[in-house]
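A.B. asks: Chains A and B, in that order, are what the protein sequence lines are.
So the first sequence is residues 9 to 433, counted in the working numbering.
So the second sequence is residues 40 to 537, counted in the working numbering.
The beta-carbon is built from N, C-alpha and C at its ideal position, and this holds for glycine as well.
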Amino acid sequence: MDHFKDAHYFYIPSQGNIYTMTELKLANGSMKLLVASLKREISCFEYQESPTGSLVPTTKEISFTYIPNGAEIISLDAFNKSSVANEFVVGITIIKNSNESDSLETYLNIYSEWEESEDFNIENIAQNCLNVELNFIPYKLLHTVLVGWQDDECLNKEFVFILSGSDHQVHIYREHTSEHVYKEIDNKDYFPEFTKTPSPVIWIDIYYSQDYTERITSFACECGYVKLLKVDTKKNQVVYNFSTRFGNYISRVQIFPEDEVSHLFKTDDSEHATKRESKKDSPNKINLVVINTILPAVIFRNVLEFGLTHYSTLPRHDSTSIMTCCEIADIDFDGEKEILIGNSAQEIMLLKHDTQKGWCLEDVKKIAAPVLGIKYIDISGDGVRELVILGMKGVHVLQHDSSHIRQVLQTKIQSLPNISQLKIY
Amino acid sequence: MRAISLVKRIEFEFSGNVVRNALTLGDVDNDGCNELIVGNQNGEVAIFKGEERIQTISKLSFVSCVAVGDIFNENRNSLVVVTADGWCFVYAAPEVPVDSADVIEVDEGIEQTDGQIQSTSASGSVETLVSDTSKQAKKDDKFQLLCVHKQRIPANAKNILLGDVDGDGMIEMVLGLTDRVVRSYRWINNSNKSTADIAMDADLSFEYKALGKFTALNKWECANQIGSITLHHSFDGKASLLIAQPGGTFMRIRCSTEESINLSGVENSAPSNSSGSQGETIPGSVDYQFLGISRMRNQNISTEILGDLKCSLNDSYASTSTQKSDSSKSAVKGRPYAVATLDGTIMAIAVDHQIFALTKLDVTGNGCDDIVVCSWDGQTYILDQEKNSVRFHLDQPVQGFASGYYNVKPDKPAVTCLVYVTFKNTVILYYDIALKEFICKNFEPDPELLSELFVRDGKTPQEAMEIVTGMDKKTKKRTCRISLIPCKTLRQFIQIFI
């Protein structure tokens, strides 16, 4: 990880958590980062390019309405309803401490713009709030698409919020466009996989494959219970489910396909995405990474075929730190994905797969604070992704060294075979 | 403004108040490695080496200045400690390592050293050993500084500078006093006995080993309080002292030999080429300069000055130096100097924080000195000579700051470091500052390289080049991102999309 250089660092006034960093991918391809901290401050970070070509980092504090004094932010999520315009919806879960010490009010605040507009204005979004009162303490907030089917025809895809709570349940919130409210919908009708769990769900990861006909869901609970399910979205039935239990608190589960390309198409070219995906997904192996806080992390390979039987533990170099987050991406451009795990010992561990030795601890990068979140996104907007790290005190942006990228690009292009020849065959 | 976070750090414990000039980095024991020396108001001076404190000199009075330099002009560094009540102490490491047991008797302050010899089995913590002569005799690499000289000087020194101010090849000591006086001293050996006898005298407790004394050379009185003193060399190599005065002004003193003073009248016209600066030329060796920035001209605001900034002398620099001539004036082809006022104006860049320390350090390692300023609340600004800036925030208040080079491990080369003395009884040293360039840029793929992509697709080089130059930014970005994926899939991609 020596090729990463410290590009920027900004403070967050109070500590965030593993749920408080999300990215906003604008319709024009540029990326912004939204980071919330415990004591109500939400900052929006972006890079602007100055006329001279240098990158100017800007951090703006956004004041979201309906977050009262004394409230604390638990989790944050955002998505873009439209694929061509900017129609952002931001969900923030808060906990409000009332004067009476034993009553806690919790809310899911959903912010969106009144109407679709060309230019993105986060301040406008922050002023338009829909309130959902919760009767549990919110945990992980995420969004996913809900696909409506009618006789093998994809009717519509809409985004829903998924929120796990202290009542050991997973709640789904769907927008009622006519009434302009968000209402909770029954799990059984749309997400049969979310049944009652033994303890609060810490993390949920959802992956759609086979052109949205299959949904692979995995979630992990506080007590160490991990569940992996495959759902047929047409029939709305659980195809199979696997579960296992680890003896500790789990901080993260992550489903990832071994093949990078379909993912890349999806993010890059939405019009081509569906076409390619159906072809490419079939041979693709789906892996699951479970990050335990105290025990070593575990990777389950090819879960669609073997369930949770083919697993290996990921190495670590010390047994005292708490692992909090992970990111799975090809950060060294060799075509193989690496696993990055952040921990409380102010480190990021880089794990690399070796065909003979399996997963090896390749490198450890020191960060100035305990790590709460990692994202590998193109925040600078140049086509090369950056590593964005949410630390206890602030957000670090690590950029690839440009001379290194240049070198990689050169070797790649030079090793490329002649395409015109290939086309003949 | 771009900000960075620093990871590699060492924290030392050191209590007491530390004034602006009571900390320095230098090779005090002449082993080729830099140490950190910090003195406090309670009369303690601590020397840190690597990751541990190797010596504490105590029982001095209010330490106001600490400096490391070859004050005896014998090609060996010594430590000069000046206290506010007018004592100047010189400490030196003996040339031959003394048996540590002998150190006990040395009166001036090193009393504690005996009990604080650290074991080399680096467990990280400071291990206190009972004096054991046989054990310590083996530790040849452990130097203890001994007080070799003590002298009464006028009280209230606040700035110190060790350097050759008059161009005679000898190191002088220049002190700036709170009563607006600058004095210079030179070490004069007493010829009877050589200073090389230090080791032999080590056990003689009340006899000072260095024979000779500091002889006063000059005294200058300034109109206003002294901000800082710096040594500057003009393009012809002539040294001058720059003494910062409030409101962004400064006094230049040329204390050279007679001939050069005569020349200085001619020289004076050269640096005042900038439109904003006017030289109040006094015939002789002292002149006043002030800067053209009105913001800085507040007489109530203290000023810091820093001379002799290293810069790579190339053509591109020459052009920039004239552009910024009204902030940091540089004599043509000479080295620039930096002036900052403590309300936060550094070379015409205004920052929101009250700064207090102005230092130079080649952070990026490109051969040019960068300016490092620190404010009381821990904001640190690193500026290069093109006014690009990077910020680092130490999230606690700071009472003392220094930048320089430090050897974390004796076998490793010295690395850049920033030293902060906090109000929480700690000295925080950040080392190996990971800053290679000031400006972050987007990755821009070379057009030639991208056109290669299309050549592979059967286009002629000219056609390919046209495609690349005709690309809009978004396509270019995408092509670049796609190209970074492995070859096999890249080939598929090109077949589909391009």
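1) Rounded to a whole number of angstroms, what is the C-alpha to C-alpha distance between L168/B and Q94/B?
2) Going by C-alpha to C-alpha distance, which of V92/A, Y115/A, S90/A and T328/A sits closest to G99/A?
3) Within 9 Å of any Cβ in chain B, is that where the Cβ of G391/A sits?
4) Look at the Cβ atom of T301/A, then the Cβ atom of I258/A, and state whether they are nearer than 9 Å.
5) Just to make sure I have the definition right: I need the residues of chain A whose C-beta is within less than 9 Å of the C-beta of K98/B. Which are they?
6) Quick one: give me the first and last residue of the beta strand (DSSP E) that A255/B is part of.
7) Could you work out which residues of chain A lie near D485/B, taking near to mean beta carbons separated by less than 9 Å?
8) From this set, F111/B, I394/B, V447/B and A453/B, which residue's C-alpha is nearest F253/B's C-alpha?
9) Closer than 6 Å by C-beta to S352/A: which residues in its own chain qualify, once you throw out the five before and the five after it? Chain order, please.
10) Kindly list the residues whose CB is nearer than 6 Å to the CB of D371/A, restricted to its own chain and excluding five residues on each side of it in sequence; keep chain order.
11) Does the beta-carbon of M29/A have 16 or more other beta-carbons within 10 angstroms, so that it is buried, or is it exposed?
12) Let me check understanding here. Comparing Cα to Cα, which of I294/A, Y181/A and G315/A lies closest to K235/A?
13) Beta carbon of I210/A, beta carbon of T152/A: below 9 Å?
14) Does DSSP put H412/A in a helix, in a strand, or in coil?
15) Put D493/B into one of helix, strand or coil per three-state DSSP.
16) Could you have a look at G509/B and say whether DSSP puts it in helix, strand or coil?
17) Measuring only between beta-carbons, confirm whether E266/A sits less than 9 Å from chain B.
18) With distances taken between CB atoms, is the gap from E222/A to V261/A smaller than 9 Å?
19) With a threshold of 8 Å, are at least 3 pairs of Cβ atoms found where one atom belongs to the region 389-403 of chain B and the other to the region 411-427 of chain B?
20) Can you give the Cα-Cα distance for K399/B and E491/B, rounded to whole angstroms?
21) Using DSSP's beta-bridge definition, name the partner residues of G255/A.
22) Taking 9 Å as the CB-CB limit, is F18/A close to chain B?
23) Should L422/B be flagged as near chain A, meaning a C-beta pair shorter than 9 Å?
24) Restricting to Cα atoms, I'd like to know which of P285/B, I76/B and R59/B is closest to N339/B.
25) For T282/A and chain B, any beta-carbon pair shorter than 9 Å?
26) Over what stretch of residues does the beta strand (DSSP E) that includes V92/A continue unbroken?
27) Please report how far the alpha carbon of E187/A lies from the alpha carbon of L138/A, in whole angstroms.
28) Spatial neighbours of S442/B within its chain, please: C-beta separation below 6 Å, excluding the five flanking residues on both sides.
29) Does the beta-carbon of R191/B have 16 or more other beta-carbons within 10 angstroms, so that it is buried, or is it exposed?
30) Pick helix, strand or coil for Q56/A, following the three-state DSSP scheme.
31) Would you decide whether A255/B is buried or exposed? Buried here means 16 or more other CB atoms lie within 10 Å of its CB.
32) Under 8 Å by Cβ, that's how I've got E343/B and A283/B pegged, so tell me the actual separation to the nearest angstrom.
33) Check the Cβ of E57/A against every Cβ in chain B and list those closer than 8 Å, keeping chain order.
34) Expressed to the nearest angstrom, what Euclidean distance is found between the alpha-carbon atoms of I375/A and Y190/A?
35) Give a yes or no on whether the C-beta atoms belonging to A42/B and H432/B are separated by under 9 Å.
36) Within 9 Å (strictly less), CB to CB, does K515/B reach chain A?
C.D. replies: On the basis of the coordinates in this document:
1) Model confidence at L168/B stands at a pLDDT of 38, short of 50, so the residue's coordinates are unreliable; what they give is reported in the following sentence. Approximately 13 Å between the Cα atoms of the pair.
2) Y115/A
3) yes
4) yes
5) Going along chain A, no residue has its Cβ under 9 Å from K98/B, so there is no contact; the nearest lies around 38 Å.
6) Counted as a single uninterrupted DSSP element, the beta strand (DSSP E) harbouring A255/B occupies residues G251 to E260.
7) R414, L417 and Q418
8) Considering only alpha carbons, the answer is F111/B.
9) S329, I330 and P378
10) M9 and L358
11) buried
12) G315/A
13) Their beta carbons are not under 9 Å apart, which means I210/A does not touch T152/A by this criterion.
14) Reduced to three states, the DSSP call for H412/A is helix.
15) Looking at the sequence provided, one finds Phe at residue 493/B rather than Asp. Secondary structure of F493/B (DSSP, three-state): helix.
16) In the three-state reduction of the DSSP assignment, G509/B falls in the helix class, which pools H, G and I.
17) no
18) no
19) yes
20) 45 Å
21) BP columns for G255/A are empty, so no partner.
22) yes
23) no
24) P285/B
25) Residue confidence is low: T282/A scores 41 on pLDDT, short of 50, so the model does not pin down where it sits. Its coordinate-derived value is still stated next. So, not an interface residue.
26) Membership of V92/A in any beta strand (DSSP E) is not indicated, and neither H nor E is assigned to it by DSSP.
27) 11 Å
28) T398, L400, V411 and L457
29) exposed
30) strand
31) It counts as exposed.
32) Yes, E343/B and A283/B are in contact; Cβ-Cβ is about 6 Å, under 8 Å.
33) N481
34) So the alpha carbons of these two residues sit roughly 39 Å apart.
35) yes
36) yes
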